[in-house]
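Step one of this worksheet: look at the structure below.
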Amino acid sequence: MIQALFILAALLILALAGYLLIIAVRWAFRFPKAALILCTLLIAGCGIYYQHFITQHRLKHLPKDLPIDDILYANEESWGWGPGGNETGFIAYKLPDIAAQAILQGGLAYLEKLSPKGSASGFYWHYGKWQETPILSDPQWLDNKQKREAITAAASPKIANYLNVYGFGIPIDPLIESELNKAIAKPKSYFAYGRIGIIIVIPDARKVIYAYNG
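First residue of the sequence shown? That's 41 in my numbering, and the numbers climb one at a time after it.
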């Protein structure tokens with residue numbers, strides 16, 4: 041669904057850009073320099089708007105009370121359309137210093153005061169109970185060897201396993217991946233599952249992660 045929205049927006053923007061390009065070409069016979077400048081500005085404007093649309097959509101995954109405006113990294117992919125399609129995504133956001141300090145001091149009590157709803161409408165981005173890391177006893181985060189063994193506190197959760205739980209894993213920035221794996225294996229970070237995906241708050245690293253699979 042998320043990728044479908046991006047694709048629809050891109051198609052609409054491309055259609056508009058194509059229409060304006062046709063007009064610009066016609067003008068080019070009469071005002072070649074002016075038409076070229078106008079066409080360039082319009083295409084650049086469409087690109088800027090598309091990036092703004094994607095950024096705003098990704099920010100809506102977060103609880104609306106979290107004061108976050110910056111996206112550090114994102115990778116989202118989809119396979120197929122409709123109910124039979126699969127989507128996997130990973131987005132890293134910058135957590136402002138003020139919010140990070142408030143979470144470090146308040147812990148779960150601070151996060152539990154946040155609205156459980158994301159900024160987007162609908163029920164998809166509603167989050168459940170906040171929990172403190174480490175993430176334990178969840179087979180989505182374990183590799184095959186660990187799944188065959190009894191799940192214990194010694195089992196190491198990994199974001200790559202979570203993203204690939206349905207066989208549709210995606211590559212992510214190795215530095216962020218390493219930092220996240222360390223954070224979810226020890227205390228002082230926090231997470232909550234939503235209707236789609238999971239949100240992970242890492243105050244020490246000044247990061248918030250939103251990841252989804254399936």
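Using N, Cα and C, we set each Cβ at its ideal position, and we do this for glycine too. If you're wondering where the values come from, they're calculated on a predicted model, not measured in any experiment.
Integer-rounded CB distance, given that residue j should sit under 8 angstroms from residue i
i, j, result
"Phe231", "Ile175", "6 angstroms"
"Leu99", "Leu154", "Leu99 to Leu154, Cβ: 15 angstroms. No contact."
"Glu217", "Ala200", "7 angstroms"
"Ala140", "Pro243", "4 angstroms"
"Thr173", "Lys226", "6 angstroms"
"Pro197", "Ile238", "Actually they are not in contact, since the Cβ atoms of Pro197 and Ile238 sit about 11 angstroms apart, beyond 8 angstroms."
"Asn126", "Gly254", "6 angstroms"
"Ala49", "Phe93", "5 angstroms"
Residue interval of the beta strand (DSSP E) (run including residue i)
i, result
"Ser118", "Ile111 to Trp119"
"Lys222", "It is not in any beta strand (DSSP E) - Lys222 instead sits in the alpha helix (DSSP H) that spans Pro214 to Ala223."
"Ala251", "Lys247 to Tyr252"
"Thr173", "Unbroken run through Thr173: none, as it is neither H nor E."
"Ile242", "Ile238 to Ile242"
"Phe231", "Tyr230 to Tyr233"
"Phe130", "Asn126 to Lys134"
Residue of the options minimising C-alpha distance to residue i
i, options, result
"Leu102", "Glu117, Ala132 and Tyr150", "Ala132"
"Val248", "Ile62, Ile236, Ala225 and Glu219", "Glu219"
"Asp95", "Ala142, Glu116 and Asp137", "Asp is not the amino acid found at residue 95; the sequence shown has Thr there. Looking at the Cα atoms, Glu116 is the closest of the given residues."
"Leu144", "Gly254, Asn253, Ala251 and Val241", "Val241"
"Gly234", "Leu60, Thr173 and Tyr250", "Tyr250"
"Asn221", "Thr80, Leu203, Gly207 and Ile236", "Leu203"
"Pro211", "Thr128, Leu151 and Val65", "Thr128"
"Ala57", "Ile83, Ala114, Trp119 and Lys198", "Ile83"
"Gly147", "Leu54, Asn126 and Trp170", "Trp170"
"Ile47", "Asp213, Ile224, Trp121 and Leu81", "Trp121"
"Ala114", "Pro214, Ser229 and Ile224", "Pro214"
"Lys168", "Ala55, Ile236 and Thr80", "Residue 168 is actually Gly in this sequence, not Lys. Of the listed residues, the one whose Cα sits closest to Gly168 is Ile236."
"Ile62", "Ala50, Thr80 and Ala49", "Thr80"
"Ala142", "Leu51, Ala55 and Lys228", "Lys228"
"Trp181", "Glu152, Tyr252, Ile111 and Lys104", "Tyr252"
"Gly207", "Asp137, Trp119 and Leu151", "Trp119"
"His166", "Asp110, Lys104 and Val205", "Lys104"
"Ile88", "Ile77, Ile53 and Leu60", "Ile53"
"Pro136", "Asp109, Leu151 and Glu152", "Asp109"
Opening and closing residue of the alpha helix (DSSP H) in which residue i lies
i, result
"Ile138", "Asp137 to Gly146"
"Asn201", "Ile199 to Leu203"
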